[in-house]
Amino acid sequence: MAQIISSGIGSGLDITGLVSQLVQAERGPAENRLNTSEVRAQSRLSAFGSLKSALSSFQSSLDKLQSEGLYQARKASVSDKDLFTVSSETTASAGNYTIQSEQLASRHKIASAAYADDDASVGTGTLNITVNGDTLALTIDAAGDSLTEIRDAINEAPANPGVTASIIRDEDGSHLVFSATETGAANTVTVSVTTDVSDTGNLAALTFDPLADPQTSPMAEKQAAVDAMLVIDGFTAFSSNNVFDEVLEGVSITLKDSDPGNVHTLDVSRDESSVKKSIQQFVDAYNSLRSTIDTLTAYNAETGQAGLLQGDSTTARLSAQLRQSLTLTISGANRDLDTLAEIGISTNFETGRLEIDNDTLDSLVTSNFGDFSALFAGDSGFAAQLDSVADVYSRFDGILDTRSNGINAQIDRINSQRDALNTRMVSVEARYLAQFTALDGLLGELNQTSNFLTTQLGNLPTFNQEK
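All residue numbers for the sequence shown refer to the numbering used here, where the first residue is 1361 and numbers rise by one.
Structure representation (structure tokens):
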């Protein structure tokens, strides 16, 4: 009699393997369905995210075109950028000017006579250092009257009025140098000394009076404190820090170097290049958005592959509204410049992309500059109307957020169904284990009975029957 041979205890059945296969066979179709649904949902969620990102970039380009400041901006330029740095604001008036950099502002520097070395004793008393009306009264005693100690005391003084002390060594010896921290004539350094009979040396050797005869001053002037001097159209202006903000309204001029007697030019004009750049950025952003929409809604008839949002009504509606908005006529704008087509922006009907006729745009920006503000800016301008179309979809809790929230809810339901499936599979596995365990026991009993009967039959006597 044939026997079942396997690893089971009673029957030889591989109960664990059988139960695992049966559970997986029952789980598989449902699990595959849930996984497929989740992958599709996650892909669509990502697609709506890509669409919203492209729409946001498009709106950023519209923000620039809506700003009145874009059309009021002025551009300042100079004929020699090595001499001048210039910038302008919207309050600047357009014009051409002659400009001369006659003199740079400088820091005041004075130096002492030579001493033997850095540790040489100078003297004791009170050192009064004045810069721009502020005075530091520094007491020098015998324990700190060397060049090094006086230098450090000045630099570390909390009430330092705006002077830096240093030591410079040359072939004659060590010199104590005082430098104003700020440029300009107002920051001239004055040094006076108060001594008494206990002076250990000659502290008065550090005295400097800018009004005194330089030949009699103990400290020598190494660099005068002077203001920068700028000449514009024959008018002279001075600055303590090389920056001129008040000479021309809305224009800031910084001197980088001096060129006495030589005349250069300064031009202040409308910033037409920024307007053209912003229009180009708008066109590029729209074309990028159009590429995103086309990719997400494409269908390849040969391969049967469809974009993630192919057939989606929300995306189709947005696409149609954007195309329609490009043909708007702006009421209130100049009658000759009230559409995109009139400034050289047209739609390529094969690709759906915008194209710019740069010759037309350049010419109109120069000849009709004021009309561009009416066309693009303000609440009724072209940029605002396009932005209002996009905002319905892209804003917080807008149409795209609503669609994304719906997909997230779908993913949550899929996860709940997966949890329910796991719970049900635990029960199914327990049921199969119970059934196969019972079967294993029954088959074990049958095998034992079979073996018993086989043994008994084998013990019966054999009878010979004669014919």
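Quick reminder that beta carbons are idealized off the backbone N, C-alpha and C, glycines included.
These numbers were taken from a predicted model, which means no experiment stands behind them.
Below 8 angstroms on the Cβ atoms is my contact criterion, and I expect residue i with residue j to pass it. Report the Cβ-Cβ distance as a whole number of Å.
i: Gln1770; j: Ala1390; result: Contact doesn't hold; Cβ gap of about 17 angstroms is too wide.
i: Ile1759; j: Thr1674; result: 6 angstroms
i: Gly1544; j: Asn1601; result: 6 angstroms
i: Leu1721; j: Ile1703; result: 6 angstroms
i: Phe1756; j: Ile1375; result: That pair is no contact at about 57 angstroms.
i: Val1537; j: Ala1471; result: 5 angstroms
i: Ser1539; j: Leu1507; result: Actually they are not in contact, since the Cβ atoms of Ser1539 and Leu1507 sit about 15 angstroms apart, beyond 8 angstroms.
i: Val1611; j: Ser1448; result: 5 angstroms
i: Leu1394; j: Tyr1792; result: Contact doesn't hold; Cβ gap of about 22 angstroms is too wide.
i: Ile1716; j: Ile1705; result: 6 angstroms
i: Glu1428; j: Ala1737; result: 5 angstroms
i: Ser1679; j: Ile1653; result: 5 angstroms
i: Asp1442; j: His1624; result: At roughly 10 angstroms, the Cβ-Cβ gap does not stay under 8 angstroms, so Asp1442 and His1624 are not in contact.
Using C-beta distances below 7 angstroms, list every residue in its chain close to residue i, excluding the 5 sequence neighbours before and after it, in chain order.
i: Asn1622; result: Gln1460
i: Tyr1646; result: Phe1418, Leu1714
i: Leu1430; result: Lys1424, Ser1634, Val1635, Ser1638
i: Asp1605; result: Ser1612
i: Thr1833; result: Past the boundaries of the shown model lies residue 1833; the chain is included only from 1361 to 1827, so the question cannot be answered.
Measuring alpha carbon to alpha carbon, tell me which of the options ends up nearest residue i.
i: Gln1384; options: Ser1723, Asn1782, Gln1808, Phe1642; result: Asn1782
i: Gln1640; options: Ser1421, Ala1666, Val1379; result: Ser1421
i: Arg1650; options: Leu1806, Leu1820, Ser1416, Asn1392; result: Ser1416
i: Lys1435; options: Thr1445, Glu1789, Asp1617; result: Thr1445
i: Gln1432; options: Ala1744, Phe1729, Thr1815, Asn1775; result: Phe1729
i: Val1399; options: Asn1811, Leu1443, Asp1772; result: Asp1772
i: Asp1696; options: Ser1679, Phe1732, Glu1662, Gly1409; result: Phe1732
i: Asp1556; options: Lys1582, Asn1660, Ala1564; result: Ala1564
i: Leu1668; options: Thr1655, Leu1678, Ala1676, Ala1680; result: Thr1655
i: Asp1477; options: Thr1499, Ile1527, Asp1698; result: Ile1527
i: Lys1627; options: Ser1410, Thr1450, Val1438; result: In the sequence as presented, Lys is not what sits at residue 1627; that position holds Asp. Taking only the C-alpha atoms, the option nearest Asp1627 is Val1438.
i: Asn1718; options: Ala1517, Val1643, Gln1808, Gly1664; result: Val1643
i: Asp1532; options: Tyr1475, Asp1479, His1468, Glu1516; result: Tyr1475
Below 8 angstroms CB to CB, which residues in the same chain sit around residue i once its five sequence neighbours on both sides are set aside?
i: Thr1495; result: Asn1488, Ile1489, Pro1521
i: Ser1577; result: Thr1567, Phe1568, Asp1569
i: Thr1554; result: Gly1485, Thr1486, Asn1488
i: Asp1559; result: Gly1483, Thr1484, Gly1485
i: Val1607; result: Leu1590, Ile1592, Phe1595, Ala1597, Ile1613
i: Arg1683; result: Thr1707, Gly1712
i: Val1379; result: Glu1789, Tyr1792, Leu1793, Phe1796
i: Leu1813; result: none
i: Gly1504; result: Ile1510, Ala1513
i: Ser1410; result: Thr1652, Leu1656
Take residue i and list the residues in its own chain whose beta-carbon comes closer than 6 angstroms to its own, dropping the five residues that flank it on each side.
i: Ile1767; result: Ala1401, Arg1404, Leu1405
i: Arg1387; result: Met1785
i: Ala1693; result: A caution first: Ala1693 carries a pLDDT of 49, below 50, which makes its placement in the model unreliable, though a value can still be read off. Once the five neighbours on either side are set aside, the close Cβ partners of Ala1693 are Ala1734, Leu1735.
i: Ala1362; result: In this prediction, Ala1362 scores a pLDDT of 41, lower than 50, which makes its location untrustworthy; the coordinate-derived value is nonetheless stated afterwards. Excluding positions up to five away in sequence, the list is empty.
i: Ala1743; result: Leu1422, Leu1425, Gln1426, Phe1736
Using a Cβ-Cβ cut-off of 7 angstroms, state whether residue i counts as contacting chain D.
i: Leu1799; result: Among the chains in the structure shown there is no chain D, since it carries only a single protein chain.
Tell me, please, whether the segment 1457–1474 touches the segment 1581–1591 by the rule of three or more beta-carbon pairs shorter than 8 angstroms. By the criterion of at least three beta-carbon pairs nearer than 8 angstroms, the segment 1457–1474 is in contact with the segment 1581–1591.
May I ask you to verify whether the segment 1704–1720 touches the segment 1774–1793, counting CB pairs closer than 8 angstroms and requiring at least 3? Segments in contact, no.
Completely contained alpha helix (DSSP H) runs for the segment 1494–1549, where each covers 4 or more residues: Listed in chain order, they are 1507–1516.
List in chain order: all unbroken beta strand (DSSP E) runs of 3+ residues lying wholly within the segment 1606–1646. Here the runs fully enclosed are 1611–1615, 1624–1630.
Are there three or more Cβ pairs, one per stretch, closer than 8 angstroms when the segment 1449–1457 is compared with the segment 1473–1492? Not touching, per the Cβ criterion.
For the segment 1427–1490, list the beta strand (DSSP E) runs that are entirely contained and at least 3 residues long, ordered along the chain. Whole beta strand (DSSP E) segments, 3+ residues: 1434–1438, 1444–1448, 1455–1463, 1469–1471.
Complete runs of the alpha helix (DSSP H) confined to the segment 1645–1710 [at least 4 residues]: Inside the segment 1645–1710, DSSP marks whole alpha helix (DSSP H) runs of 4 or more residues at positions 1673–1685, from first to last along the chain.
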